[in-house]
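For reference, the structure discussed in these notes is given below.
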Amino acid sequence: MAEWARQQQDMAKQVITTDEVPWHLNADRPTERLTRVGGLDISFLEPQCCPRGQQHSPLAHNNGAPAPAVDTAASSSTTEIAIAATTTTTTITGTSPSSSMITISENEPGASAGALSSSGAQPTQWWDDQRDPAEDSEQRSASCGPSVAALVVLSFPDMRVLYEDYEPVDLSIPYLPGYLGFRECDAYGRLLKRVQASANQPQVLLVDGCGVLHPRRCGSACQVGVMSGYPTVGVSKNLLAVDGLDRFAVRRQLQEATEATATAAKVKTTPASSSQAAKQASAALATAVSVRDVQVPLVGLSGAVHGIALCPGLSKKPLYISVGHRLSLLTAVELVRQCCVHRVPEPIRQADLRSRQWLRDHYLVTC
410 MAEWARQQQD
420 MAKQVITTDE
430 VPWHLNADRP
440 TERLTRVGGL
450 DISFLEPQCC
460 PRGQQHSPLA
470 HNNGAPAPAV
480 DTAASSSTTE
490 IAIAATTTTT
500 TITGTSPSSS
510 MITISENEPG
520 ASAGALSSSG
530 AQPTQWWDDQ
540 RDPAEDSEQR
550 SASCGPSVAA
560 LVVLSFPDMR
570 VLYEDYEPVD
580 LSIPYLPGYL
590 GFRECDAYGR
600 LLKRVQASAN
610 QPQVLLVDGC
620 GVLHPRRCGS
630 ACQVGVMSGY
640 PTVGVSKNLL
650 AVDGLDRFAV
660 RRQLQEATEA
670 TATAAKVKTT
680 PASSSQAAKQ
690 ASAALATAVS
700 VRDVQVPLVG
710 LSGAVHGIAL
720 CPGLSKKPLY
730 ISVGHRLSLL
740 TAVELVRQCC
750 VHRVPEPIRQ
760 ADLRSRQWLR
770 DHYLVTC
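Residue 410 is where the sequence shown starts when you use my numbering, and the numbers rise one by one after that.
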């Protein structure tokens, strides 16, 4: 790990945290517009479906064919067929046969490396801060089962799927929080090399993982960006222990920001009329406005701003956004916000959903 830490420190020096891109999010001229956003994510074998040592029976591969579209009706029951993959070098490359969105229910596992409250007390505020069982499941999966990386490219700003590709992940590299880039980036690099031949090459990448919000300021998003040259953004569902940051304190700040915004919205929408209907309409409007896209800066004990905690839309569960490479924090957060159809930004969400479906379609576990 000492060598990995040294490599991360060296790469951190190469990270660019200002906007060095030819496009703008709200550009008027077509030549300056952002039109394609890529999402990178990895899916793992579910441990409850295939315990350690369980035998896998791969289904026949459809080599060289485009990845199949997800059947939303069939995928709604995830217990009928277990997820599995092997470390074979077989891949499927191609453009999605359908530009329609996948709308199956989300299962949003994440890495587990959040900072604990110094008091040890469990919060009772408006958020649900108990650990998500899916998050622990993914960690166990990452340790005991095969996995596949996915690159999905979507149009911007309408979020239509343009391209998808998959690559097995080398699980001989251990799963170590803070060093996940060394396990993930080889597979990501192969995906990014192949997409260069496509007309749907992404202009920016959203990576499921950390950027500079990392103990050595070099999470997976930074490694992908520095190694590939792409502009990248780190999007994490969990907060790493960086510079004294505490996830409970951050969520208290989000609650306070929500309440302050609600109060301001209520004042602004106070009706001139005293009728009950007007008051009810005003209250409903204030509530709708108050809870959308609440965010607070992640300021460490050193005074440095490491990222932004964002609750997209009406969600009360934050995402932790940080610069990966070649973007400012302001642009990174605004890009993520505009990509959020649901809680997780759509490029990452589609990469997650489609990689899970790819595993279901191509491998069968005998449990």
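Cβ atoms here follow ideal geometry from the backbone N, Cα and C, with glycine treated the same way. These figures come from a predicted structure and were not determined experimentally.
query	result
C-beta contact flag for V621 and T740 at 9 Å	no
Endpoints, the alpha helix (DSSP H) within which C748 is located	L738 to C748
Own chain partners of V659 with C-beta closer than 8 Å, once the 5 adjacent residues on each side are dropped	L648, V705, L707, A718 and P727
Residue closest to Y597, alpha-carbon to alpha-carbon, out of Q612, Y584, Y772 and V578	V578
E593 in three-state terms, based on DSSP	helix
Beta-carbon proximity check, E755 vs G447, cutoff 9 Å	no
Assumed close pair Q610, V616 - CB separation to whole angstroms, cut-off 8 Å	At roughly 16 Å, the Cβ-Cβ gap does not stay under 8 Å, so Q610 and V616 are not in contact.
The segment 650 to 665 touching the segment 760 to 767, judged by at least three CB pairs closer than 8 Å	no
For V633, the three-state DSSP class (helix, strand or coil)	helix
Per-residue DSSP class, three states only, for F657	helix
K725 versus D595: straight-line alpha-carbon distance, rounded	34 Å
Given A559 as reference, the closest of M568, Y572 and L736 once Cα atoms are compared	Y572
Chain-order list of residues whose beta-carbon lies under 6 Å from that of S418 (same chain, five-residue window excluded)	In the sequence as displayed, the identity of residue 418 is Gln instead of Ser. Within the same chain, Q418 has close Cβ partners R625.
C-alpha gap between V742 and L580, whole angstroms	32 Å
Expected contact under 8 Å - CB spacing of A441 and R735 to nearest Å	For clarity, residue 441 is Glu in the given sequence; the question names Ala instead. Contact flag wrong, Cβ pair sits at about 16 Å.
C-alpha distance - P460 paired with I451, whole-angstrom precision	Reliability fails at P460, whose pLDDT of 39 lies under 50, so the model's placement of it is uncertain and the value that follows must be treated cautiously. Cα to Cα, the separation comes out at about 19 Å.
Residue burial classification, L710 (beta-carbon count within 10 angstroms, cutoff 16)	exposed
Between the CA atoms of D437 and G618 - distance to the nearest angstrom	31 Å
I425 (DSSP reduced to helix, strand or coil)	coil
With 16 other Cβ atoms within 10 Å as the buried cut-off, status of M410	exposed
Cβ shell of A474 (< 6 Å), same chain only, five flanking positions each side left out	With a pLDDT of 37 at A474, under the threshold of 50, the modelled position of that residue is not reliable, and the figure given next carries that caveat. There are no such residues.
Where G628 falls, given that 16 or more other Cβ within 10 Å makes a residue buried	buried
Beta bridge counterpart(s) of G716 as assigned by DSSP	L707
Rounded Cβ spacing between A713 and D655 (contact assumed at less than 8 Å)	Not a contact, Cβ separation roughly 15 Å.
Among P439, M420, W432 and S556, the one whose alpha carbon lies nearest that of L454	S556
Three-state secondary structure assigned by DSSP to H751	coil
Neighbourhood of A666 by C-beta distance below 7 Å, restricted to the same chain and skipping five residues each side	V703 and V705
Status (buried if at least 16 other CB within 10 Å, exposed otherwise) for R415	exposed
S637 beta carbon less than 9 Å from that of L601	yes
Residue nearest to S731 in terms of C-alpha spacing, selected from V750, K422, L723 and T641	T641
Buried versus exposed, by CB contacts within 10 Å (16 or more), H751	exposed
Sub-9 Å separation of L738 and V613 beta-carbons	no
Beta strand (DSSP E) segment containing I451, residue limits	R445 to F453
Cut-off 6 Å between Cβ atoms - residues of its own chain near P583, not counting five sequence neighbours on either side	none
The beta strand (DSSP E) enclosing Y729, as first and last residue numbers	L728 to H734
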